[in-house]
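Participant: Quick one: structure below, then a few questions.
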Amino acid sequence: MENLSVLIEAPILLVQLVVGGILIGAIFALVAYGMALVWGVMKIINIAQGEFVMLGGYVVFYLSRAGIPPLAGVPIAAVVMYCVGLALYRIVIFRVVGRDMFTSILATFGISILLQQLANQIFSADIRTVPSTLPSLLFAGGLVTIPEIKLVSFAAALLVGFALIVFLRQTRLGRAIRATAQNDRAARVLGVDTDHVYAMTFAINCAICGAAGGLVAMTWFVQPYLGLTYTLRSFMIVIAAGLGNVPGVIVAGAGLGVVEEAAGFVLGAEYQTAFIFVLLILILIGRNLALARQRRYLK
Amino acid sequence: MKGSRDSVAMAAIGVLGVVAPWVAPTIVTQLAFLWLMILFAITWDMNGGQMGYNSFGNVFFFGIGVYACAVVQRDAGLSYYPGLFVGIGAGALASGAAALILGPAILGIRGQYFAIATLGLTIVAGNLASAWEYIGAASGMATPVYPGAIEYRARFFYFLLFALAALTFVVARTLYRTRVGLAINAIRDDEDKAEAMGLHTSRYKVFMWCVAAMFLGASGGPVGNLVGFIDPQDLAFAGATFGVWMVLMAVLGGKGTLWGPVIGATVFHMTQELFWTYLLGWQRVAMGVLIVVIVVFFPTGILGFAWRRKRPHVGTAKAVADAAVESAR
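These protein sequence lines map, in sequence, to chains A and B. Following the numbering used here, the numbering of the first sequence begins with 1 at its first residue and continues without gaps. Following the numbering used here, the numbering of the second sequence begins with 1001 at its first residue and continues without gaps.
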């Protein structure tokens, strides 16, 4: 808690926390957007979301070890994860589309454990970082430091998000995806191959997560057990923003990033994870209270 | 008819449970854990299967019980046996109180949101327990040494866990036959309708959560003492093992049934003890595969599968309809 007084004495540090949080938040928002896509189109809450991020991170890590620059590794990670997603859909996910939520949650939870433990066995539990050659930018006499790599990954996250929105608005497949999200039966009646749409949606989500994972590996680190926090962060963002609300997802992502940075600074790193999950529970309870108020209003 | 068959099965299991430590003295510890698993599966099913509140975090209550008992044993200044039993009681009460306090807020969350909120609950608890000095933080706590002869130690905890599991089963069976059972089944089938019919749904939900929590809390003490060392994230709040197993065992046996969790826990625990050691570090990978396979291909579990197989041979229309309803769950 002594960090709180540091913060009061040097308010300029707040700038650091806010800017840092917003830069992180873009990556959170990207992962959350993928989750919202799968949730909205396939009515599946994908608990394995964070594990896809983790795998994307490992792809970039091993590519950079092989001499490929990390930024070039990010699109490759997306492609690799696209294939993983397609394979997963064809093996497991198509069987749980349309079943009850519990089945899909438990099935994706199983996939998440499977991927996490596979990564632990194959890549070892060591924390891996992708070395970055970019310098840090210093402001306000060195009190505010912003690593350039964070700016780069922020820009990349925005770029991927923008490309995704254009894809959903403009292309034929994107329209089919949106149609299926609105009403899958009507879409089928009108000749949309919903099975194909689901496969593409899931694979695209995996690709997004793969790209985000590459950015995560560049900015921080990868580790087999990193997945669940990303899943729950995306879940929080999606709940706070609502499905299909792009500006909401961006704002919620940035907000979560800032809150998390501040909490990590004030409470200390050992409470940061606990803080995220407490926040999740509070958001869920708060959402529920808001719904209850609406219900009373209807009476 | 069904009642008498139940009694015969219960009596047989009771006799088996009492003689087992002498029949198979080398695996008493594993058998003690079998009863723990059965208790886990039944308590999970009280909420998940019977009430439709699929919790991913019931191991939270187990963890509270483990720590409550260990703290009582350490700080209350009692000798071993009174300390242990007071500790078990304290564990049950602490878990029940936690369920009572958190229940109204968390059980108001529905469906998938509830599942994820409870998933977060265990992780929060595990993280906080790893940071709290009073209960040993990340380095854990050692439980007092069993004062009796070493060969009686495992047997003593075996009977404690056996008694707790049996009690859990009997309480669950009794509750399912009363208004409470009907009420929570109604909540599972359609909560809004149940509420519209005049049921105090949140009262029933919190009550049932408390019952499950108290048994989980009570089981924490013996397990902490049997293992001898409490690790915050590997034993007490072990979401990745116990927390997942609970769900898996109940679904494997057939959730929403009385005997399903018992069968599921037994099959799961035996499989685990027999084959797990051959997997050499790949156990948890296998666990992931197992979850996916069970959930995707056998969502009604062993009992649901058996009932569906039996359907053509059962004569009356009512039995067929019952079996269909059961297997649809």
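Even glycine gets a Cβ: it sits at the ideal position worked out from N, Cα and C.
Hey, quick one: how far does the beta strand (DSSP E) through A/P147 stretch, first residue to last?
Facilitator: Segment V144 to P147, the beta strand (DSSP E) holding A/P147.
Participant: For A/L284, collect the residues of the same chain with a Cβ closer than 8 Å to its Cβ; drop the 5 residues on either side in sequence, then sort them by chain order.
Facilitator: These residues qualify, in order along the chain: I239.
Participant: Taking only three categories from DSSP, how would you classify B/F1229?
Facilitator: In the structure shown, B/F1229 sits in a strand (DSSP, three-state: E or B).
Participant: Have a look at B/R1155 and B/T1029 and give me their C-alpha separation to the nearest angstrom.
Facilitator: When rounded, the distance between both Cα atoms is 8 Å.
Participant: So within the region 1084 to 1131 of chain B, which uninterrupted alpha helix (DSSP H) runs reach at least 4 residues, ignoring any that extend past its ends?
Facilitator: Runs of the alpha helix (DSSP H) inside the region 1084 to 1131 of chain B: 1111 to 1131.
Participant: At a cut-off of 7 Å, would you count A/D193 as near the ligand PLP, judging by its Cβ distance to the nearest heavy atom?
Facilitator: As presented, the structure is devoid of all ligands, the ligand PLP included, so that no description of it is given.
Participant: For A/F277, which residues of its own chain have a beta-carbon under 8 Å away from its beta-carbon, when the five flanking residues on both sides are left out?
Facilitator: Excluding sequence neighbours, A/F277 sits near L232.
Participant: Spell out the partners DSSP gives A/R128 in its beta bridges.
Facilitator: Paired residues: A/V222.
Participant: If we require 4 or more residues per run, which alpha helix (DSSP H) segments fall completely within the region 228 to 295 of chain A?
Facilitator: Within the region 228 to 295 of chain A, the complete alpha helix (DSSP H) runs of at least 4 residues are 246 to 267.
Participant: So if I threshold CB-CB distances at 7 Å, which residues from the region 1108 to 1132 of chain B count as touching chain A?
Facilitator: Per Cβ criterion, the list reads G1108, I1109, G1111, Q1112, Y1113, A1115, I1116, A1117, G1120, L1121, I1123, V1124, N1127, L1128 and A1131.
Participant: Could you spell out where the alpha helix (DSSP H) holding A/I45 opens and where it closes?
Facilitator: From DSSP, A/I45 is part of no alpha helix (DSSP H); its letter is neither H nor E.
Participant: Please list the partners that B/I1088 has in chain A, where partner means a Cβ-to-Cβ separation under 8 Å.
Facilitator: Simply none; closest approach about 28 Å.
Participant: Would you mind telling me which residues of chain B sit closer than 8 Å to A/T304, beta carbon to beta carbon, in chain order?
Facilitator: Chain A is shown only over 1 to 299; residue 304 of chain A falls outside these bounds and no answer can be derived.
Participant: Using a Cβ-Cβ distance under 8 Å, would B/I1291 count as near chain A?
Facilitator: It does; some Cβ of chain A falls within 8 Å.
Participant: Measure the alpha-carbon distance for A/V266 versus A/N3 and round it to whole angstroms.
Facilitator: Computed Cα separation, rounded: 5 Å.
Participant: Along the region 224 to 244 of chain A, where does the CB come closer than 8 Å to a CB of chain B? Name the residues.
Facilitator: Cβ contacts with chain B come from L228, L232, F235 and I239.
Participant: Is the shortest distance between the beta-carbon of B/M1287 and the beta-carbons of chain A less than 8 Å?
Facilitator: Answer yes: the Cβ-Cβ gap between B/M1287 and chain A drops below 8 Å somewhere.
Participant: Using a C-beta cutoff of 8 Å, does B/V1247 count as contacting chain A?
Facilitator: Chain A contact via Cβ: present.
Participant: Is there a Cβ from chain A that is less than 8 Å from the Cβ of B/V1244?
Facilitator: At least one chain A Cβ lies under 8 Å of B/V1244.
Participant: Please identify, using Cβ separations under 8 Å, the residues of the region 1092 to 1108 of chain B that lie next to chain A, in order along the chain.
Facilitator: Listed by position, the residues of the region 1092 to 1108 of chain B near chain A (Cβ gap below 8 Å) are A1105, I1106 and G1108.
Participant: Just the Cα atoms here: how many angstroms apart are B/T1316 and B/T1257?
Facilitator: In this prediction, B/T1316 scores a pLDDT of 48, lower than 50, which makes its location untrustworthy; no coordinate-derived value is stated.
Participant: Are the region 1226 to 1235 of chain B and the region 1139 to 1148 of chain B in contact at 8 Å, needing three or more beta carbon pairs?
Facilitator: Flag = yes, the region 1226 to 1235 of chain B and the region 1139 to 1148 of chain B touch.
Participant: For a quick check, are the C-beta atoms of B/A1041 and B/G1065 less than 8 Å apart?
Facilitator: No, Cβ-Cβ distance for B/A1041 and B/G1065 is not below 8 Å.
Participant: If B/V1247 and A/A107 are in contact, beta carbons under 8 Å, what's the gap, nearest whole angstrom?
Facilitator: Not confirmed; about 12 Å, so no contact.
Participant: Expressed to the nearest angstrom, what Euclidean distance is found between the alpha-carbon atoms of A/N288 and B/Y1080?
Facilitator: Going from the Cα of A/N288 to the Cα of B/Y1080 covers about 45 Å.
Participant: Is it the case that the Cβ atoms of A/T201 and A/M42 are separated by a distance below 8 Å?
Facilitator: In this structure, A/M42 lies closer than 8 Å to A/T201 by Cβ.
Participant: Where do the N-terminal and C-terminal ends of the alpha helix (DSSP H) with B/N1047 fall, by residue?
Facilitator: Per DSSP, B/N1047 belongs to the alpha helix (DSSP H) from V1028 to M1051.
Participant: Verify the CB distance criterion: does A/R109 have a CB-CB separation below 8 Å to chain B?
Facilitator: According to the sequence as given, residue 109 of chain A is Phe; it is not Arg. True, the Cβ-Cβ gap to chain B drops below 8 Å.
Participant: In chain A, which residues lie with their C-beta within 7 Å of the C-beta of B/W1282?
Facilitator: In chain order: Q121.
Participant: Return the CA-CA distance between B/A1098 and A/A274, expressed in angstroms with no decimal places.
Facilitator: Approximately 18 Å between the Cα atoms of the pair.
Participant: What residues in its chain sit with their C-beta under 7 Å from that of A/V18, if we drop five residues either side in the sequence?
Facilitator: These residues qualify, in order along the chain: V258.
Participant: Is the Cβ-Cβ distance between B/V1171 and B/L1100 less than 8 Å?
Facilitator: No, Cβ-Cβ distance for B/V1171 and B/L1100 is not below 8 Å.
Participant: Who pairs with A/S136 in a beta bridge, going by DSSP?
Facilitator: The partner list for A/S136 (beta bridge, DSSP) reads A/P147.
Participant: Excluding sequence positions up to five away, which residues of its chain have a Cβ less than 6 Å from the Cβ of A/V197?
Facilitator: The answer, listed in chain order, is A176, I177 and T180.
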